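For the protein sequence lines, the chains are A and B, in the order given. Residue 0 is where the first sequence starts when you use numbering that gives the first Met the number 0, and the numbers rise one by one after that. Residue 0 is where the second sequence starts when you use numbering that gives the first Met the number 0, and the numbers rise one by one after that. The beta carbon of each residue, even a glycine, is placed where N, CA and C say it ideally should be. This structure is a prediction, so every number in the text was calculated from the model and none was measured. Everything below concerns the one structure shown next.
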Amino acid sequence: MDLFSEIFNFSDYGELLYLVRNSIFAGAVLGIVGGLIGTFVVSRDLAFAVHGISELSFAGASAALLIGANVVAGSLVGSLIAALLIGALGARARERNSIIAVLMPFGLGLGILFLALYKGRSANKFGLLTGQIVSVDDPQLGYLLVVSIVVIIALLLIWRPLTFASIDADVARAKGLPIGAISIGFMLLLGLAVAVSIQVVGALLVLSLLVTPAAAAMRVTASPVLTPVLSVAFAVASVVGGILLALGSSLPISPYVTTISFLIYVVCRIVGRRRTSRRIGSLA
Amino acid sequence: MGAVLSVRGASLAFGDRTLWHDLDLTVESGEFLAVIGPNGTGKTSLLKAILGQQELTSGTVEVAGGAANVGYIPQQKMLAASVRARDLVGFGVSGTRWGFPLPRRGDRQRVDELLAAVGATAFADEPVSVLSGGEQQRLRVGQAIAGDPSLLLCDEPLLSLDLAHQRGVSELIDAQRTTGAGVVFVTHDVNPILNMVDRVLYLAGGTFRIGTPDEVLRSDVLSEMYGTPVDVFRAHDRIVVVGAPDDHGDHH
Chain A
0 MDLFSEIFNF
10 SDYGELLYLV
20 RNSIFAGAVL
30 GIVGGLIGTF
40 VVSRDLAFAV
50 HGISELSFAG
60 ASAALLIGAN
70 VVAGSLVGSL
80 IAALLIGALG
90 ARARERNSII
100 AVLMPFGLGL
110 GILFLALYKG
120 RSANKFGLLT
130 GQIVSVDDPQ
140 LGYLLVVSIV
150 VIIALLLIWR
160 PLTFASIDAD
170 VARAKGLPIG
180 AISIGFMLLL
190 GLAVAVSIQV
200 VGALLVLSLL
210 VTPAAAAMRV
220 TASPVLTPVL
230 SVAFAVASVV
240 GGILLALGSS
250 LPISPYVTTI
260 SFLIYVVCRI
270 VGRRRTSRRI
280 GSLA
Chain B
0 MGAVLSVRGA
10 SLAFGDRTLW
20 HDLDLTVESG
30 EFLAVIGPNG
40 TGKTSLLKAI
50 LGQQELTSGT
60 VEVAGGAANV
70 GYIPQQKMLA
80 ASVRARDLVG
90 FGVSGTRWGF
100 PLPRRGDRQR
110 VDELLAAVGA
120 TAFADEPVSV
130 LSGGEQQRLR
140 VGQAIAGDPS
150 LLLCDEPLLS
160 LDLAHQRGVS
170 ELIDAQRTTG
180 AGVVFVTHDV
190 NPILNMVDRV
200 LYLAGGTFRI
210 GTPDEVLRSD
220 VLSEMYGTPV
230 DVFRAHDRIV
240 VVGAPDDHGD
250 HH
């Protein structure tokens, strides 16, 4: 029972809840960001790019930690550099994947170097890789919220052309949409989203927030309205649920977030398979 | 009525290889022009030049009413992401609209009209990925005519469709002429659309010929273009070209 009480412990829960109310709020906003942008990450086939950006974001954050600068700002700089490089050099999927594969270990290596040089609290180091929202202080929460809101509003403003360009690029180009500019603009938003998500789940687990919820939603619906709505609901449930479960334990929140997000995906796959087989059955 | 597309003195060369030069072409409202010829003769490049995606080496392209007045039908291919039939058509209605994605009054009705016009109402809410190639191309027609274009550009829209669907989709494209749209139809096989075509632009051997199918699709004309003896046979409303140096696509 010792192990169980280490993973789940709900004594003094009300008090703790009050202490972390800001984190829960920030987590919900990050869930909205991850759920919304995730639908485009999946339809543009950028899951690997998310991983690549997150490693350079990690390098930026650890550099900031080392020199005593703002970690969120460092994370943003790393993310945006990676997003621009991947967007500018990797227009085609195959080129993109090899560029990401080149950047990713370089970023991770830099990050490890900076952390090795850092003499501060080791919890800070671990947090960058595996998440630490509860330990994020108020000014940083402010940063996260501002960046998140910018991403959400920008995504909504370009929503329709971005959807058209992501799903049906040839025709979108023929209709005169600036495909290249949309692509770079999206990469920048993705860079911002990755940088803020890293603060919650850490560089290694960003995919659980930026890909898994959207992928799960797409297993159960093809509707352009229901997909982002479900994706956001899944992402928010994962982050907020993860924070609430982790509250009583001494463990980081990321295993809770990733597990919830994974379970939602598994359920959606099962429900989705039933739905598909019924349709094929009715067509036959 | 009037010209919906004018191409004047157009030339396209990649390096020292000239695909075509001094091309003058006018497509009238309601006219059906087929662009045919072997691979690598610049059929698709011509479409791209009309769309403004390919710069000409010299000459001009003018589309009446500008690019917004062009409907584009691509060849059938699987989309990477899952969307419903109505959403693909919806891209034609509101896909280029910037700003918050709030539904505008009449959008849904317009999509329903377009779905009905191309016979796609029955599968409107199905994901495109479960539809046949012919059904997908019907949606492409609906998507392309959403803005009431005066010019329809079709890039091999019948490729990989079976004969019944080839007929269905090409008749649907042909029907758009009644509203005054001009059609430019790039294809490697003219037979499925032979009875609809007003004029043919034949590209081969660095030259071109424009005229009715009877004027262009003849043994002497094609032999001269290819610079080698070529025989053109007509049988039962089908044309068979024998002896062209490149695969001419009449082996279906």
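Check	Outcome
Thr255 of chain B: contacting residues in chain A (beta-carbon distance under 9 Å)	Outside the shown range of chain B (0 to 251) lies residue 255 of chain B, about which nothing can therefore be said.
Proximity below 7 Å, CB of Gly110 of chain A to CB of Pro251 of chain A	no
Contacts that Phe90 of chain B makes with chain A (C-beta to C-beta distance below 9 Å)	Arg159, Thr162, Phe163, Ile166, Asp167, Val170, Ala171, Lys174
Contact under 7 Å by Cβ, Ser22 of chain A with Ile242 of chain A	yes
Extent of the continuous alpha helix (DSSP H) to which Arg109 of chain B belongs	106–116
Three-state class that DSSP yields for Gly210 of chain B in the structure shown	strand
Member of B:Leu151, B:Asn190, B:Pro191 whose CA lies at the smallest distance from the CA of Leu50 of chain B	B:Leu151
Coil, strand or helix - Ser222 of chain A by DSSP	coil
Buried/exposed call for Arg159 of chain A, threshold 16 Cβ in 10 Å	buried
Spatially closest choice to Asp21 of chain B from B:Val3, B:Ala33, B:Leu45, by CA coordinates	B:Leu45
7 Å Cβ cutoff met for Thr34 of chain B and Leu200 of chain B	One point to set straight first is that residue 34 of chain B is Val, not Thr, in the sequence displayed. Yes, the Cβ-Cβ distance between Val34 of chain B and Leu200 of chain B is below 7 Å.
Thr177 of chain B - DSSP class collapsed to helix/strand/coil	helix
Within chain B, the residues that Met217 of chain A reaches when beta carbons sit closer than 7 Å	Ser81
7 Å Cβ cutoff, Ser42 of chain A in contact with chain B	yes
Sub-7 Å separation of Gln136 of chain B and Gln53 of chain B beta-carbons	no
Bounding residues of the alpha helix (DSSP H) (the contiguous stretch that carries Arg233 of chain B)	Counting along the chain, Arg233 of chain B falls outside any alpha helix (DSSP H), though it belongs to the beta strand (DSSP E) covering 230–234.
Residues bridged to Ala9 of chain B (per DSSP)	B:Leu22
From B:Gly167, B:Thr59, B:Pro102, residue whose alpha carbon lies closest to that of Ser131 of chain B	B:Gly167
Beta strand (DSSP E) segment containing Leu151 of chain B, residue limits	150–154
Reduced DSSP category for Val185 of chain B - H, G, I as helix; E, B as strand; rest coil	strand
Secondary structure of Val210 of chain A, DSSP reduced to three states	coil
Chain A contact residues for Arg160 of chain B, given Cβ-Cβ distances below 9 Å	Checking the sequence, you will find Leu at residue 160 of chain B rather than Arg. None at all; the shortest Cβ gap to chain A is about 18 Å.
DSSP state of Glu61 of chain B mapped onto helix, strand, coil	strand
Cutoff 7 Å: Val212 of chain A Cβ touching any chain B Cβ	The residue asked about is misnamed: residue 212 of chain A is Pro in this sequence, not Val. Closer than 7 Å: no.
Neighbourhood of Val76 of chain A by C-beta distance below 6 Å, restricted to the same chain and skipping five residues each side	Gly59
Contact list for Tyr225 of chain B against chain A, beta-carbon separation under 9 Å	Those within 9 Å of Tyr225 of chain B in chain A number zero; the least Cβ separation is about 31 Å.
Touching by the beta-carbon criterion (3+ pairs, under 8 Å), the segment 220–236 of chain A and the segment 168–181 of chain A	no
Proximity to Val70 of chain A [Cα-Cα], best of A:Thr211, A:Arg20, A:Lys124	A:Lys124
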